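Below: one structure, written as structure tokens.
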Amino acid sequence: MINGVASHAADYDDTHRDNPIHPSGPVLSALFAVAEWKAPILGQDFVTAFVADVEAECKLGVSVYPAHYEVRWPSVQVTGMRDSFGTGTKPFHVGWASQNGLMAALLAQAGLSGALNGLEADKGWTHVSTQENLTAVVDTLGKVWEISLNTFKPYPCDCIVHAAIDGWIQLQAQALEKGLNIADIIKVGARTNPMVLFLTDKRNITTGVEGKLSVYHVAAVALYGEATPTQFTGEVVRNATVVALREKVTVVNHETVTEHEVFVTAEFADGTKLEYHVEHALGSFENPLDEKFLKTKFIEQATRKYRADQGGEGVRRLY
1 MINGVASHAA
11 DYDDTHRDNP
21 IHPSGPVLSA
31 LFAVAEWKAP
41 ILGQDFVTAF
51 VADVEAECKL
61 GVSVYPAHYE
71 VRWPSVQVTG
81 MRDSFGTGTK
91 PFHVGWASQN
101 GLMAALLAQA
111 GLSGALNGLE
121 ADKGWTHVST
131 QENLTAVVDT
141 LGKVWEISLN
151 TFKPYPCDCI
161 VHAAIDGWIQ
171 LQAQALEKGL
181 NIADIIKVGA
191 RTNPMVLFLT
201 DKRNITTGVE
211 GKLSVYHVAA
221 VALYGEATPT
231 QFTGEVVRNA
241 TVVALREKVT
251 VVNHETVTEH
261 EVFVTAEFAD
271 GTKLEYHVEH
281 ALGSFENPLD
291 EKFLKTKFIE
301 QATRKYRADQ
311 GGEGVRRLY
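Just so you know, we're using UniProt numbering here: the sequence shown kicks off at 1 and counts up by one.
This is how it looks when you write it as structure tokens:
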């Protein structure tokens, strides 16, 4: 439970090309607990269990996405409603899912009976939650490896707004090159996939957790050049300058825009209009993070807990 909550607390984990699940959190959280409990564990057994579990959860996720969002189910577990996004409950879902999965495995090992077709039966989970057909996806087991479609987040917020962040950061760079002042922006725009507003249409926010699910907040901080963990705190969310820029953001849906694509604009008081098109968001399957970015991300996050004089150098060696 604790491992799972911690894994998603910053919303800075991993995601998947074909559904917005965060594969590692619930799986590794349970595996680390079991490995500590049952130590010693062979590395090969640990990795095998990890891959098998990721394949299972991702097949389920792909089979019901995006229909499960239409009935307000998030990917992490069936007891978590989408309206809890932007609250502390969202990372709790990951911990709860991890605990439930491990408990189910232990109870089954102890002989507790249950329906063997509880997922695919007419009244099973996939049909009750979305009316989707699981068979076609499960038939790809061993043929399409979902773990190979996993990606890592460049920004600590919902991945559906990552393309927009990329675009607005590019607009900030353009503005600096032209000698424009971000404070002189009068209008900010974005043409996005409908899923962006479906998941992140939160303008009146007061907490950092809400900011992670607000396309308007990410616009404001990205236009000032960054979207790091420090931009998703209550202090920044309530900052008067950030709030004022948030109010200038307009986002429109367009069915032809893909989930990891965006068209962004910024208009300035002198009449200048900047535009940028992001075809594939940084961190997407088509535009993955490179080794340097991943190393920097790992070290920055690890050394937030362990300073250089408390083992930070050891963290670097570990990577």
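Just so you know, even glycine gets a beta-carbon here, dropped at the ideal spot from N, CA and C.
Treat the numbers as computed from the prediction; the structure is a model and nothing was measured.
Cβ-Cβ distance between residue i and residue j below 7 angstroms
| i | j | result |
| --- | --- | --- |
| alanine 173 | valine 278 | no |
| valine 262 | threonine 192 | yes |
| alanine 220 | arginine 203 | no |
| leucine 106 | alanine 30 | no |
| aspartate 158 | leucine 213 | yes |
| glutamate 146 | glutamate 55 | yes |
| isoleucine 185 | phenylalanine 285 | no |
| leucine 119 | tryptophan 125 | yes |
| proline 154 | glycine 283 | yes |
| valine 218 | isoleucine 165 | yes |
| valine 215 | threonine 230 | no |
| phenylalanine 232 | aspartate 14 | no |
| residue 326 | isoleucine 21 | An answer regarding residue 326 cannot be provided, because it is not within the stretch 1 to 319 covered by the chain. |
Residue closest to residue i, alpha-carbon to alpha-carbon, out of the options
| i | options | result |
| --- | --- | --- |
| valine 138 | Thr296, Ser63, Gly4, Leu102 | Ser63 |
| alanine 227 | Asp11, Ser98, Pro156 | Pro156 |
| glycine 225 | Gly43, Cys58, Ile169 | Ile169 |
| threonine 272 | Ala175, Ala302, His22 | Ala175 |
| glutamate 275 | Ile299, Leu171, Val34 | Leu171 |
| threonine 256 | Ala244, Met195, Gln301 | Met195 |
| asparagine 19 | Tyr216, Asn150, Ala104, Lys297 | Asn150 |
| valine 34 | Ile21, Asp270, Ala49 | Ala49 |
| threonine 89 | Cys58, Arg17, Ala10 | Ala10 |
Inter-residue Cα distance where the pair is residue i and residue j
| i | j | result |
| --- | --- | --- |
| threonine 241 | leucine 223 | 12 angstroms |
| valine 161 | lysine 187 | 19 angstroms |
| residue 334 | alanine 266 | Because residue 334 is not part of the residues shown, which for the chain are 1 to 319, the question remains open. |
| residue 348 | aspartate 45 | The structure shown does not extend to residue 348, since the chain is modelled only from 1 through 319, so no value can be given for it. |
| leucine 42 | valine 51 | 15 angstroms |
| valine 47 | leucine 180 | 51 angstroms |
| proline 40 | alanine 190 | 52 angstroms |
| alanine 121 | serine 98 | 24 angstroms |
| serine 75 | valine 243 | Bear in mind that the predicted position of serine 75 carries a pLDDT of just 46, short of 50, making it unreliable; the figure below should be weighed with that in mind. If you take the alpha carbons of serine 75 and valine 243, they lie about 31 angstroms apart. |
| histidine 8 | alanine 281 | 21 angstroms |
| glycine 111 | histidine 127 | 27 angstroms |
Minimum Cβ-Cβ distance from residue i to chain D less than 7 angstroms
| i | result |
| --- | --- |
| leucine 107 | In the displayed structure, chain D is absent; only one protein chain is listed. |
Checklist entry - How do the region 85 to 100 and the region 21 to 29 stand: do at least 3 beta-carbon pairs fall below 8 angstroms, yes or no? => result Yes, they touch.
Next on the checklist: Using a Cβ distance threshold of 8 angstroms, determine whether the region 231 to 246 contacts the region 195 to 214, with at least three qualifying pairs required.
Outcome noted: Enough Cβ pairs lie closer than 8 angstroms, so yes.
Checklist entry - If you scan the region 240 to 300 from start to end, which runs of the beta strand (DSSP E) of 3 or more residues do you find wholly inside it? => result Those beta strand (DSSP E) runs which fall completely within the region 240 to 300 and span 3+ residues are 249 to 253, 262 to 268, 273 to 278.
Checklist entry - Curious, which full-length beta strand (DSSP E) runs of at least 3 residues does the UniProt domain "MmgE/PrpD N-terminal" (1 to 78) contain? => result Complete beta strand (DSSP E) runs here, min 3: 14 to 16.
Item to check | In chain order, each beta strand (DSSP E) run of at least 3 residues that lies wholly inside the region 121 to 158 | outcome: Fully enclosed beta strand (DSSP E) runs of 3 or longer: 150 to 152.
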